[in-house]
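In the numbering used here, the protein residues as written are 354 to 825. Step one of this worksheet: look at the structure below.
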RNA sequence: GGCCCCAUGGUCAAGUGGUCAAGACACCAGCCUUUCAAGCUGGAGACCCGGGUUCAAUCCCCGGUGGGGUCACCA
């Protein structure tokens with residue numbers, strides 16, 4: 354039997370990275386087994402069909418590089434892939450269950466069931482095999498125990514009693530998660546249910562249903578949770594729990610995929626930098642850890658930097674460009690201008706491996722796009738030495754008059770200016786860096802000068818000299 | 001609280017009834033360099049606690065503690 358797995362998100366309007374990780378593990382498993390990866394939208398509770406919320410899911414998956422074999426947009430032999438379009442199926446199953454006395458209509462007050470005493474109103478049930486609008490349908494809890502072998506969690510057993518006669522169909526006629534899930538997973542021939550471990554206690558409930566329906570249950574694999582840096586379950590509260598935020602910050606999809614794969618799973622060997630193909634080749638569900646893992650931005654950033662170096666300079670330029678446009682540092686028109694593209698590419702090149710993710714073009718390169726530059730007061734000491742000041746002035750003039758403008762000519766100008774003032778190159782270089790960029794760290798000084806440009810370099814040097822008049 | 005699960009450095013994470021208990025990120029130091037990164041070299045840092053089983057437990061068993069999940073007509 355060929356492997357069929359599904360990722361079944363509900364369209365909430367955003368993609369939590371924990372869900373992305375779940376999708377990823379499903380996908381890695383399916384691809385590694387030559388199986389089928391299904392995308393199914395669980396929108397039974399949705400008042401309206403939220404087109405946009407579905408797009409957030411499909412766009413997100415596509416962006417990170419997860420493709421689906423069946424589901425929205427491409428459809429497939431087991432459709433439709435929206436639960437809201439499968440209501441008849443659930444209705445049929447509910448009727449069959451009622452007819453076979455495995456479920457019954459509930460006449461209780463809607464909120465009348467205390468949490469600590471599972472509802473048992475079946476004595477009031479009627480042996481009616483028709484569903485009635487306005488009445489919920491409950492399962493007849495068979496009691497006993499449910500047990501199963503979870504691929505990651507091992508052998509698990511539960512006392513069924515604790516789940517009561519839980520609801521299968523709400524009084525508005527829509528199915529609950531546990532019901533729709535079982536019906537669909539069976540109808541879609543799903544062989545492995547891989548989901549977050551917040552679903553473990555739903556599994557025994559679903560097992561009762563499989564039994565009542567006479568269906569063979571799939572294998573289950575419950576993935577451990579992803580925690581935030583503070584050890585609590587990753588949530589919006591942690592700032593960046595949404596896929597879109599990473600994309601907007603200029604992180605690379607392959608890096609995020611790589612990192613997410615490392616949360617709860619480790620490849621054999623010592624290499625952690627892995628492209629999708631490698632991930633697929635090595636991934637095994639039985640190697641997934643049971644304990645939750647903390648999401649750490651530093652490691653994602655590190656992996657991102659490594660993946661970034663695999664990208665061409667044009668690609669890196671485009672990533673930077675996107676952030677510059679988003680921050681409105683460049684106008685859309687400028688973003689189209691070939692000269693701008695060329696310039697951004699040069700800046701990225703000068704930044705080298707300092708450019709670890711998109712947004713860093715703003716952190717490190719903002720000043721390349723402004724006329725002037727702000728220099729923090731605490732950097733005044735760089736301009737205290739009169740010899741440095743003199744060398745700065747000489748450099749400024751030479752920069753303005755230079756006939757050729759390359760790193761080499763700039764370097765010789767700087768070194769000569771230092772020498773002429775009986776200085777080592779270092780203090781002049783530091784002062785120049787501060788004067789031109791307002792920062793003490795950055796790319797090669799000579800590239801920095803080149804990219805700032807002849808006129809602007811001259812102007813900024815004098816600006817700095819004016820801002821920090823000699824002490825006397 | 002009931003039920004379920006988890007527990008190796010700060011974090012991710014290998015691993016074994018007998019090993020100096022891998023590796024990665026982060027951290028510290030040195031080298032390199034015009035700075036910061038990167039790179040190279042070196043360093044610090046861990047088997048939650050208590051009982052058992054055993055010649056021997058990080059590893060097996062029990063208990064405790066701590067953490068997480070779940071107890072809906074949400075998914």
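Quick reminder that beta carbons are idealized off the backbone N, C-alpha and C, glycines included.
When the Cα atoms are used, what is the spatial distance from residue i to residue j?
i	j	result
residue 776	residue 700	29 angstroms
residue 647	residue 394	28 angstroms
residue 427	residue 501	34 angstroms
residue 618	residue 540	30 angstroms
residue 698	residue 413	27 angstroms
residue 525	residue 485	10 angstroms
residue 791	residue 590	34 angstroms
residue 383	residue 651	30 angstroms
residue 773	residue 738	14 angstroms
residue 645	residue 440	35 angstroms
residue 385	residue 624	19 angstroms
residue 669	residue 629	20 angstroms
residue 467	residue 514	With a pLDDT of only 47 at residue 467, under 50, the local geometry of the prediction cannot be trusted, and the value read off the model is given with reservation. Their backbone Cα atoms lie some 15 angstroms apart in a straight line.
residue 438	residue 424	13 angstroms
residue 521	residue 363	18 angstroms
residue 758	residue 693	18 angstroms
residue 512	residue 659	49 angstroms
residue 643	residue 503	11 angstroms
residue 730	residue 574	58 angstroms
residue 720	residue 432	53 angstroms
Classify residue i as buried or exposed, calling it buried when 16 or more other Cβ atoms lie within 10 Å of its own Cβ.
i	result
residue 465	Summary for residue 465: the model assigns pLDDT 48, below 50, so the residue's position carries little reliability; its value from the coordinates is reported in the next sentence. Exposed: under 16 other Cβ atoms inside 10 Å.
residue 676	buried
residue 661	buried
residue 469	Confidence is the limiting factor: at residue 469 the pLDDT is only 47, short of 50, which leaves the residue's position unreliable, though a coordinate-based value still follows. Exposed is the call here.
residue 761	exposed
residue 557	buried
residue 657	buried
residue 528	buried
residue 667	exposed
residue 663	exposed
residue 725	exposed
residue 354	exposed
residue 499	buried
residue 607	buried
residue 786	buried
residue 706	exposed
residue 822	exposed
residue 634	exposed
Quick one: grab the DSSP three-state call for residue i.
i	result
residue 500	strand
residue 734	helix
residue 559	helix
residue 522	strand
residue 634	helix
residue 445	helix
residue 423	strand
residue 835	There is no way to answer for residue 835, as the model of the chain reaches only from 354 to 825.
residue 604	coil
residue 676	helix
residue 669	helix
residue 728	coil
residue 626	coil
residue 647	strand
residue 742	helix
residue 786	helix
residue 454	coil
residue 514	helix
Between the Cα of residue i and those of the options, spot the shortest distance and give me the residue it belongs to.
i	options	result
residue 696	710, 708, 599, 722	722
residue 416	678, 636, 621, 609	609
residue 595	817, 374, 713	374
residue 681	403, 712, 665, 525	712
residue 704	613, 799, 733	799
residue 767	749, 756, 757	749
residue 377	408, 404, 420	420
residue 649	613, 570, 544	613
residue 457	726, 519, 771	519
residue 620	725, 746, 640, 692	640
residue 357	388, 685, 757, 366	388
residue 736	360, 779, 714	779
residue 561	425, 702, 455, 820	455
residue 492	552, 655, 451, 515	451
residue 580	592, 572, 573, 569	592
residue 710	600, 505, 544	600
Along the chain, which unbroken stretches of the alpha helix (DSSP H) at least 4 residues long are found entirely within the stretch 679 to 717?
Annotation note: the stretch 679 to 717 contains the following uninterrupted alpha helix (DSSP H) runs of length 4 or greater, listed N- to C-terminal: 685 to 689, 691 to 704.
Residue ranges of each alpha helix (DSSP H) within the stretch 789 to 821, 4 or longer:
798 to 805, 807 to 820
Ranges of the beta strand (DSSP E) found wholly within the stretch 356 to 406, counting only runs of at least 3:
357 to 360, 389 to 392
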